[in-house]
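S.K.: Have a look at the structure that comes next, please.
Right, dumping it as structure tokens:
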């Protein structure tokens with residue numbers, strides 16, 4: 001697919017998707033979401049890609065949903081607004097699920113404002129690294145709506161339920177330093193080094209067995225909703241799959257031969 005509203009590059013087996021509407025602070029339009037879905041599906045399916053970085057062009061990461069799209073939805077016939085909204089939500093949830101469930105490490109490299117859906121998109125990644133210009137706001141309340149990109153699921157898991165409520169109820173801005181101290185961001189770097197540091201981190205996280213990583217991530221993503229018994233059961237099934245993998249066989253034989261190849 002030819003991308004117009006985002007770019008995708010692959011370097012050293014690490015894909016970087018860049019939201020590319022800098023004049024709109026990379027607000028997520030319906031067309032941009034369609035491209036994003038295709039890009040995420042491509043990264044998921046391509047076995048040569050071992051990890052994903054998401055960032056934004058220009059001064060912003062992603063300003064959230066496109067307000068022009070909101071205006072079009074409000075101007076629809078009254079009897080169609082509900083169904084149109086439901087259909088749009090299905091697309092939003094599909095996109096966020098593709099990102100959250102991707103069987104590879106994902107890193108949001110936040111270069112500027114991540115607002116509303118933009119903040120939720122960063123949270124849907126496994127890890128967040130930001131520059132000194134990064135900031136986050138769950139500003140849905142200011143538009144009379146609720147976080148619909150997973151923020152009500154992801155944010156309490158990073159900052160606690162009470163702090164998540166404070167940020168969502170107030171819609172206030174969180175700067176980079178506070179985001180780091182609260183645990184919204186995992187690492188902070190300079191704007192000059194942001195993508196370089198994200199690339200290095202992605203390479204570090206994706207060196208091991210892709211099979212073991214994908215299975216571990218799928219279980220870890222469900223940890224807070226699962227009992228210990230369920231985690232053990234899922235782990236047993238996953239380990240059985242790992243036993244049959246080429247990576248496991250290669251690693252064991254290399255260990256026995258006192259060799260340590262990259263798998």
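Numbering (UniProt numbering), first residue to last: 1 to 263.
Even glycine gets a Cβ: it sits at the ideal position worked out from N, Cα and C.
Keep in mind that this is a model prediction, so the values were computed, not measured.
1. Between which residues of its own chain and residue 173 is the CB-CB distance below 7 Å, once the five residues before and five after are set aside?
2. Between the alpha carbons of residue 79 and residue 30, how many angstroms are there, rounded?
3. Taking the alpha helix (DSSP H) that residue 8 falls in, what are its first and last residues?
4. Starting from residue 197, trace the alpha helix (DSSP H) in both directions and tell me its first and last residue.
5. Taking the alpha carbon of residue 116 as the point to measure from, which residue in 140, 103, 129 and 104 has its own alpha carbon closest?
6. DSSP state of residue 66, grouped into three classes?
7. Any idea which residues DSSP pairs residue 175 with across the strands?
8. Would the beta-carbon of residue 186 fall within 7 Å of that of residue 145?
9. Per DSSP, residue 83 forms a beta bridge with which residues?
10. Per DSSP, what kind of secondary structure is residue 130 in: helix, strand or coil?
11. Comparing C-alpha positions only, which one of 109, 114, 113 and 121 sits nearest to residue 130?
M.R.: Walking through what the data contain:
1. 135 and 137
2. 21 Å
3. Residue 8 -> not in any alpha helix (DSSP H); beta strand (DSSP E) instead, spanning 6-11.
4. 194-205
5. 140
6. coil
7. 135
8. no
9. Residue 83 pairs with nothing; no bridge assigned.
10. strand
11. 109
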